[in-house]
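Novice: Below is one structure. I have some questions about it.
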Amino acid sequence: MKKRNAAMVCFSGGQDSTTCLFWAKKHFAEVEAVCFTYGQKHALEVEVARRIAEGANVPFQVLDVSLISQLDPNCSLINNQIKMDEEKPADSYPNTFVPGRNMVFLTFAAILARSKGIYHLVTGVSEADYSGYPDCRDTFIRSLNVTLNLAMDEQFVLHTPLMDRDKSEVWELADELGVFDLVRTQTLTCYNGVLADGCGHCPACKLRKAGLDSYLSRRNK
Ligand code: ZN
Numbered sequence: 148m149k150k151r152n153a154a155m156v157c158f159s160g161g162q163d164s165t166t167c168l169f170w171a172k173k174h175f176a177e178v179e180a181v182c183f184t185y186g187q188k189h190a191l192e193v194e195v196a197r198r199i200a201e202g203a204n205v206p207f208q209v210l211d212v213s214l215i216s217q218l219d220p221n222c223s224l225i226n227n228q229i230k231m232d233e234e235k236p237a238d239s240y241p242n243t244f245v246p247g248r249n250m251v252f253l254t255f256a257a258i259l260a261r262s263k264g265i266y267h268l269v270t271g272v273s274e275a276d277y278s279g280y281p282d283c284r285d286t287f288i289r290s291l292n293v294t295l296n297l298a299m300d301e302q303f304v305l306h307t308p309l310m311d312r313d314k315s316e317v318w319e320l321a322d323e324l325g326v327f328d329l330v331r332t333q334t335l336t337c338y339n340g341v342l343a344d345g346c347g348h349c350p351a352c353k354l355r356k357a358g359l360d361s362y363l364s365r366r367n368k
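The opening position of the sequence shown corresponds to residue 148 in my numbering, with each subsequent residue numbered one higher.
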């Protein structure tokens with residue numbers, strides 16, 4: 148049976164997807180979360196995600212797609228031997244880019260959601276993302292939405308509530324949703340696996356902190 152008012156959130160326990168989880172809870176009667184493992188170094192991510200989902204009363208499922216790391220071991224999020232790019236190289240993507248990741252995640256999420264009668268999918272990708280990953284772009288999401296519909300002869304709707312928001316505006320949305328403190332203290336964004344405010348020097352921490360500082364200075368005006 149098709150559930151018209153239900154959504155599946157691609158959920159990693161980070162700032163962005165946690166904000167999306169609560170955005171989904173506001174907009175849909177039923178919300179489920181799916182978390183992907185793909186050989187990322189920080190398995191803690193999954194436990195963080197599980198804890199947040201449980202706290203939010205959201206059914207939580209983990210899918211192992213570690214095949215993706217066998218296909219391309221050159222990503223610093225997966226391979227301990229590779230030093231993480233702290234800046235974006237001039238002529239390519241930083242080695243934190245996992246080729247095809249969002250396509251794989253959303254495709255598996257769609258198959259799983261369909262089996263439960265869920266056709267709304269929510270993902271925290273943003274074009275304002277600092278690295279400009281190709282699979283975070285709106286044009287890719289629209290294209291994949293069409294492809295998923297054609298592939299399964301269904302009418303999926305891919306939601307990207309953060310698409311046009313920079314990190315400061317993601318903090319603002321969390322605040323509007325009443326989960327600013329939860330996002331600040333319980334999420335894991337840091338590439339070095341440190342909860343909340345993180346290690347402070349990896350690209351993800353720098354981005355998160357710059358966004359937070361910017362939002363707080365606006366809010367406190
Ligand atoms: Zn960090």
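Using N, Cα and C, we set each Cβ at its ideal position, and we do this for glycine too. Treat the numbers as computed from the prediction; the structure is a model and nothing was measured.
For the ligand HEM, any of its heavy atoms closer than 6 Å to the Cβ of G345?
Specialist: This structure does not include the ligand HEM; its bound ligands are the ligand ZN.
Novice: Which of the three DSSP states, helix, strand or coil, is assigned to R312?
Specialist: Here residue 312 corresponds to residue number 165 of the sequence shown, with the count starting at 1. Coil.
Novice: In the stretch 249-325, which residue ranges form an unbroken alpha helix (DSSP H) of at least 4 residues, counting only runs that do not cross its ends?
Specialist: Complete alpha helix (DSSP H) runs here, min 4: 285-299, 314-323.
Novice: Below 8 Å, can you find three or more Cβ-Cβ pairs linking the stretch 326-345 to the stretch 153-161?
Specialist: A contact exists between the stretch 326-345 and the stretch 153-161.
Novice: Where do the ends of the beta strand (DSSP E) carrying L210 lie?
Specialist: The residue given as residue 210 occupies position 63 in the sequence shown. L210 -> beta strand (DSSP E) spans 207-211.
Novice: Helix, strand or coil: how does DSSP classify C349 here?
Specialist: Within the sequence shown, numbered from 1, the residue matching residue 349 stands at position 202. C349: coil per DSSP, three-state reduction.
Novice: Applying the 10 Å Cβ sphere with the 16-neighbour rule, what's the burial state of H306?
Specialist: Stepping through the sequence shown from its first residue, residue 306 is reached at position 159. Result: buried.
Novice: Could you spell out where the alpha helix (DSSP H) holding A171 opens and where it closes?
Specialist: In the sequence shown, the residue the question calls residue 171 occupies position 24. Where A171 is concerned, the enclosing alpha helix (DSSP H) stretches over 162-174.
Novice: If I measure Cβ to Cβ from D313 and keep anything under 6 Å in the same chain, skipping five residues before and after, which residues do I get?
Specialist: Residue 313 sits at position 166 when you count from the first residue of the sequence shown. A275, listed in sequence order.
Novice: Looking at the unbroken alpha helix (DSSP H) that takes in T334, where does it start and where does it end?
Specialist: Here residue 334 refers to the residue found at position 187 when the sequence shown is read from its first residue. No alpha helix (DSSP H) contains T334, which DSSP labels as neither H nor E.
Novice: For the beta strand (DSSP E) holding V178, just list the boundary residues, first then last.
Specialist: Counting from 1 along the sequence shown, the entry for residue 178 is found at position 31. 177-184 is the span of the beta strand (DSSP E), which, as asked, contains V178.
Novice: Measuring only from the beta carbon, is N204 closer than 6 Å to any heavy atom that is part of the ligand ZN?
Specialist: Residue 204 sits at position 57 when you count from the first residue of the sequence shown. No, since every heavy atom of the ligand ZN falls outside the 6 Å radius drawn around the Cβ of N204.
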